[in-house]
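As structure tokens, the structure follows; a few thoughts come after it.
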Amino acid sequence: MKTFIKILLLCIFLYDISLASKWEQFGFSGGGLFLNITPDDKNSKVVYLCSDVSGIYKSINRGDLWKPINNGLASREIASFAINPSNSSDLFAGIPLGLFRSKTAGKKWNKIANLSFYKHVNYKSIAISKTGKVIVVASHILKGETDGFGKGDFYGSLYKSDNYGKSFYKLKDFNGKEIPSICFDKKSGRLYAGLYWGGLWYTQNYGKTWKQSKCKNEDISEKSVQKILSHSNGKIYAAFDDGLYISLDNGRNFKRSFPKLKRFGEKTVEYITSVCINPKRSNEIFLSSSKSYPIWYNRGSVWFSKDNGLTWKDITGDIPVKNVEDLGYKDGYLYADTFCSNIFRLKGTSNN
21 MKTFIKILLL CIFLYDISLA SKWEQFGFSG GGLFLNITPD DKNSKVVYLC
71 SDVSGIYKSI NRGDLWKPIN NGLASREIAS FAINPSNSSD LFAGIPLGLF
121 RSKTAGKKWN KIANLSFYKH VNYKSIAISK TGKVIVVASH ILKGETDGFG
171 KGDFYGSLYK SDNYGKSFYK LKDFNGKEIP SICFDKKSGR LYAGLYWGGL
221 WYTQNYGKTW KQSKCKNEDI SEKSVQKILS HSNGKIYAAF DDGLYISLDN
271 GRNFKRSFPK LKRFGEKTVE YITSVCINPK RSNEIFLSSS KSYPIWYNRG
321 SVWFSKDNGL TWKDITGDIP VKNVEDLGYK DGYLYADTFC SNIFRLKGTS
371 NN
């Protein structure tokens, strides 16, 4: 028994040491702002990276080398990206000039819908059911001009396809509020929509009726939601502007996980940008934050919890660009893309 405990403590120590190792800048610098990074769930070596000026890049070796995959795209301003969970060669990209699709893992893209997607408005706004039949996207109409950073007056609406993306129809709007993130529940099939200054909403009947999620100890009805994540463990994770909230009852009620700090909240200094989960160890959660608007600051954090969000450790470490826009995790590698055209990875354990 004593030997077992010693081995266990050694493993925990080595694991913490691995997470404390230095961040590695990989791939390249330049190419605009990188706002989405998406590992392929079915291939541990494949990672996709999206830029706002140079399109989509693909790596087949965990980011050591990158290749642009933009053939057929009408614009290089990629606002949203998704992989079909039933077929990892089936990719979707949202740009201001439409919704595009590649059935060849990025070799060739074709426009499938006249819908609009904008950087800093659309983040994770393409949701695909586990069979690939139902596709829901959040499209936005620009009213007036933007400031060059994707900030402006936008009107958001949900559009839905019931026929594998052959056609789309308008499903829902929330009084025109922006919809940066949508997500299908991996277990129940529920659809979730996160709004700017409008909280989180869910539907149990593919959009016929909607209800707003609640939090027992605080009002989240007017908070901003940056990213929603469903895990096969049945939990729903929502990155609000001021922290992470977790639901154990299919999105009806949420509980704050990340502690409420004074510096967090989009109206203050810093806001939460992304959340990702270790697919093989669902108790391990990663969270990122940024401050890049209206004035650029090299300020932000990356946080790690290995106990389902009960306690958190700052693992920002020596990452030179601290305002992280998105996170991805796959097979022991944590990927982070940042506001200033740099991408980084942090190696944890090699077998998880």
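If you count the sequence shown from 1, you need to add 20 to reach the numbering used here.
Note that the Cβ used here is the ideal one computed from N, Cα and C, for glycine as well.
Please classify residue i as buried or exposed, where buried requires at least 16 other C-beta atoms within 10 Å of its C-beta.
{"i": "Ile-240", "result": "buried"}
{"i": "Asp-334", "result": "exposed"}
{"i": "Lys-342", "result": "buried"}
{"i": "Ser-321", "result": "buried"}
{"i": "Gly-170", "result": "Any reading at Gly-170 must be qualified, since the residue scores a pLDDT of 49, below 50, and its modelled position is unreliable; no value is offered."}
{"i": "Lys-350", "result": "buried"}
{"i": "Leu-191", "result": "buried"}
{"i": "Thr-358", "result": "buried"}
{"i": "Ser-19", "result": "A query on residue 19 cannot be resolved here, the shown segment of the chain reaching from 21 to 372 and no further."}
{"i": "Arg-301", "result": "exposed"}
{"i": "Asn-104", "result": "buried"}
{"i": "Leu-135", "result": "buried"}
{"i": "Asp-327", "result": "exposed"}
{"i": "Leu-211", "result": "buried"}
{"i": "Pro-59", "result": "buried"}
{"i": "Leu-264", "result": "buried"}
{"i": "Leu-220", "result": "buried"}
{"i": "Tyr-189", "result": "exposed"}
{"i": "Leu-215", "result": "buried"}
{"i": "Ile-282", "result": "According to the sequence as given, residue 282 is Lys; it is not Ile. Exposed, by the Cβ-count rule."}
Report all residues from its chain with a CB closer than 6 angstroms to the CB of residue i; omit the five preceding and five following residues, and keep chain order.
{"i": "Ile-161", "result": "Tyr-175"}
{"i": "Phe-46", "result": "Gly-83, Arg-365"}
{"i": "Leu-347", "result": "Ser-294, Cys-296, Phe-306, Ser-308, Ala-356"}
{"i": "Ile-132", "result": "Leu-119, Arg-121, Gly-185"}
{"i": "Trp-129", "result": "Gly-92, Leu-93, Phe-120, Ser-122"}
{"i": "Asp-110", "result": "Asn-104, Lys-123"}
{"i": "Glu-304", "result": "Asn-298, Lys-326"}
For the beta strand (DSSP E) holding residue i, just list the boundary residues, first then last.
{"i": "Phe-112", "result": "111-115"}
{"i": "Gln-246", "result": "245-250"}
{"i": "His-160", "result": "155-163"}
{"i": "Arg-96", "result": "Per DSSP, Arg-96 belongs to no beta strand (DSSP E) and is neither H nor E."}
{"i": "Ile-103", "result": "100-103"}
{"i": "Tyr-175", "result": "173-181"}
{"i": "Ser-79", "result": "76-79"}
{"i": "Asp-60", "result": "No beta strand (DSSP E) holds Asp-60; DSSP gives it neither H nor E."}
{"i": "Gly-227", "result": "Element bounds for Gly-227: n/a, residue is neither H nor E."}
{"i": "Ile-15", "result": "One cannot answer for residue 15 here, as it falls past the ends of the chain, which runs 21 to 372."}
{"i": "Thr-358", "result": "353-358"}
{"i": "Ser-136", "result": "Segment: none, Ser-136 is in no beta strand (DSSP E) and carries neither H nor E."}
{"i": "Leu-211", "result": "211-214"}
{"i": "Leu-69", "result": "67-71"}
{"i": "Asn-273", "result": "273-276"}
{"i": "Ile-199", "result": "Unbroken run through Ile-199: none, as it is neither H nor E."}
{"i": "Thr-293", "result": "291-298"}
{"i": "Asn-303", "result": "301-310"}
{"i": "Tyr-184", "result": "Tyr-184 -> no beta strand (DSSP E), and no H or E assigned at all."}
{"i": "Thr-223", "result": "220-223"}
What does a CB cutoff of less than 7 angstroms around residue i pick up in its chain, not counting 5 residues either side in sequence?
{"i": "Lys-65", "result": "Ile-80, Asn-81, Arg-82"}
{"i": "Trp-217", "result": "Lys-197, Glu-242, Ser-244"}
{"i": "Asn-142", "result": "Ala-99, Ser-100, Gly-114, Ala-158, His-160, Pro-200"}
{"i": "Gly-52", "result": "Ser-71, Asp-72, Val-73, Ser-74, Ser-361"}
Please list, in chain order, all residues of the same chain as residue i whose beta carbon is under 8 angstroms from its beta carbon, the five residues on each side excluded.
{"i": "Asn-183", "result": "Lys-153"}
{"i": "Ile-37", "result": "Any reading at Ile-37 must be qualified, since the residue scores a pLDDT of 36, below 50, and its modelled position is unreliable; the value itself is stated next. Cβ within range, chain order: n/a, list empty."}
{"i": "Trp-332", "result": "Phe-278, Pro-279, Leu-307, Trp-323, Phe-324, Ser-325"}
{"i": "Ile-57", "result": "Val-67, Tyr-68, Leu-69, Cys-70, Asp-346, Leu-347, Gly-348, Tyr-355, Ala-356, Asp-357, Ile-363"}
{"i": "Asn-273", "result": "Ser-233, Lys-234, Cys-235, Lys-236, Ser-267"}
(message) When you compare the stretch 51-70 with the stretch 146-156, are there three or more beta-carbon pairs, one atom per stretch, that lie closer than 8 angstroms?
(response) Inter-segment contact for the stretch 51-70 and the stretch 146-156 is absent: fewer than three beta-carbon pairs are separated by less than 8 angstroms.
(message) Below 8 angstroms, how does it come out for the stretch 224-231 and the stretch 247-256: are there three or more Cβ pairs, yes or no?
(response) No, the stretch 224-231 is not in contact with the stretch 247-256.
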